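**Student:** Mapping of the sequence shown onto mature numbering (1 follows the signal peptide of the UniProt record, and there is no 0): residues -20 to -1, 1 to 380, in sequence order. Here a beta-carbon is modelled for each residue, glycine too, at the ideal position from N, C-alpha and C. The model shown is predicted, which means the values in this text are computed figures rather than measured ones. My questions all concern the structure below.
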Amino acid sequence: MLGSMLTATSLLGMAHVASAAGSTLFVSSYNSKVTTLNVGADACKAGSPVPKLQTVAESSGCGESPSWLTLDHTKGLLYCVDEQLQSSGGALASFKTNADGSLKSLAKVNTSSGPVSIAVYGKGGNGLALAHYGGSAFSTWDATDPSHLVNIQTETYKFTKPPADPPRQTAPRPHEAYLDPTKKFIVVPDLGTDELRLYAVGADSLTTTKLDSVAAPAGSGPRHVDFVKRAGSTFMYLVTELSSQIVGYKVTYPADGKIAFKQLWVMSAHGWDKPTPKQAYASEIVVSPDQRFAIVSSRNENSFTVPNFDPSNSTQIVSDPLINFRIDDEGGLTAVQEVAAGGKYPRQFSLNKAGTLVAVGLQNDNRVALIKRDPQSGKLGGFVGYTELGGQITSVIFNE
Ligand SMILES: *[C@@H]1O[C@H](CO)[C@@H](O)[C@H](O)[C@H]1NC(C)=O
Ligand SMILES: *[C@@H]1O[C@H](CO)[C@@H](O)[C@H](O)[C@H]1NC(C)=O
């Protein structure tokens, strides 16, 4: 019995090695670097010691405070925004991704200040939409020639009514630009105004048209969204940073050029049965490629301890959680599991396309952690890779 179980396990292990070997991660960090990490075959072996992910290339072409990466894999293009935390400016950079993992700088342009997110949109995927947290702005760029990025529109937001939480909501704070599944609309969660700002994407041009915003719960601090398509319906989940909640919406398309959101429910970032600790800041939500699970990260909870990744260090690592939810056909979420994210402040994380790995960017530990995932059960498993870089991690994405 034990023998046959071991055989099954090692066969699964080998299949996993084959699918992950040779893949790479791109990592942005506030130490002015975009780093390429090798997800080697070793990264499939859970257990101790956890394999260290090797750096295969580094680029300083994004600028002083790289805050977000978006990959257009089919074109081999990587886009990075520089939040410029020191100089209070902002920039957008484009790179060609080389087969050896290195990046070739193509262009860098100044933008409105404090960009934190990029969505590829529009005809041919030639548009880039940016959310500017620092500069309270939304901007769009023509990247038809990725070596020559051209500003299309920049809109700066002002308060139209007093914020619900003045100490935390000192200005409009667009936190993300995200394309809906039809690729015809861009959603911009605004942490400062408790709104989902909306734009319609032009059918034949890269211009975007502003639509009426959707109000999110007062004082919630909208941060990031993801969509799911289930049983013929579309739903969207909003993660709020100030209230650390998840808001579920049903999404419909009542007419050409129109998108509608109906709020269904609001729950804690830990699910229906568990309140979020007061000091928590929920950060990211990602729906699995098979649309069956959603994973949420939360910061400043310190709810787990895990063995140090450095086997010579006996001090345990204090970790924030990832919360794993099952999605039902009505778009409902049921919490099924909480695991250690691998350290402090999982600001952002990504799943690979096969759904077998989760790469977590742990901002306050300067660490990237790789977690194994079973795509059948949706369950998150042990750590299968890690590394520490010389600055706060802001995003990590798979090169696929
Ligand atoms: C971009 O902004 C920096 C200051 O933040 C400035 O030194 C530089 O000249 C600007 N570049 C362009 C092309 O305007
Ligand atoms: C050991 O690990 C702890 C927790 O991550 C860390 O704070 C400490 O600096 C490490 N010590 C050494 C010598 O690396």
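Just to confirm the assignment, what range does the beta strand (DSSP E) spanning S193 have?
**Tutor:** T188 to A195
**Student:** Hey, S74 and A123: beta-carbon distance below 8 Å or not?
**Tutor:** yes
**Student:** Roughly how many angstroms separate the alpha carbons of V61 and A87, rounded to a whole number?
**Tutor:** One C-alpha to the other measures close to 12 Å.
**Student:** Which one of Y366, L57 and G322 has the shortest CA to CA distance from V298?
**Tutor:** G322
**Student:** Checking the sheet assignment: what are the DSSP bridge partners for E175?
**Tutor:** D170 and A195
**Student:** For the beta strand (DSSP E) containing F378, name the first residue and the last one.
**Tutor:** Run containing F378: I373 to F378, per the beta strand (DSSP E) assignment.
**Student:** Check G312 in the structure and name its three-state DSSP category.
**Tutor:** coil
**Student:** Helix, strand or coil for H204 per DSSP?
**Tutor:** strand
**Student:** Got a list of residues with beta-carbon closer than 6 Å to any non-hydrogen atom of ligand 1, in chain order?
**Tutor:** With the criterion CB distance below 6 Å from any heavy atom of ligand 1, the matching residues run S67, G69 and N90 along the chain.
**Student:** Span of the beta strand (DSSP E) holding L72?
**Tutor:** A71 to T77
**Student:** Cβ atoms of S12 and E63: under 8 Å apart, would you say?
**Tutor:** Against a cut-off of 8 Å, the Cβ pair of S12 and E63 comes out as no contact.
**Student:** T50: buried (16+ other C-beta within 10 angstroms of its C-beta) or exposed?
**Tutor:** buried
**Student:** Who are the Cβ neighbours of P169 in its own chain at under 7 Å, not counting the five residues just before and after it?
**Tutor:** H155, E156, L176, P202, R203, H204, V205 and L218, listed in sequence order.
**Student:** Give the straight-line distance between the Cα atoms of L129 and Y59, rounded to the nearest whole angstrom.
**Tutor:** 11 Å
**Student:** Given the structure, does D290 come close to ligand 2, in the sense that its CB is under 7 Å from one of the ligand's heavy atoms?
**Tutor:** yes
**Student:** Just confirm the distance between the C-beta atoms of V376 and A339, as a whole number of angstroms; I'd bet it's less than 8 Å.
**Tutor:** 5 Å
**Student:** W245 bridges to which residues according to DSSP?
**Tutor:** G228
**Student:** Quick one: grab the DSSP three-state call for N344.
**Tutor:** helix
**Student:** When you compare each of P142, A144 and K190 to F118 by their alpha carbons, which one comes out closest?
**Tutor:** K190
**Student:** Of the residues D80, D300 and Y10, which one's Cα is nearest the Cα of A3?
**Tutor:** Checking the displayed sequence, the identity of residue 3 turns out to be Ser instead of Ala. For S3, the nearest C-alpha among the options comes from D80.
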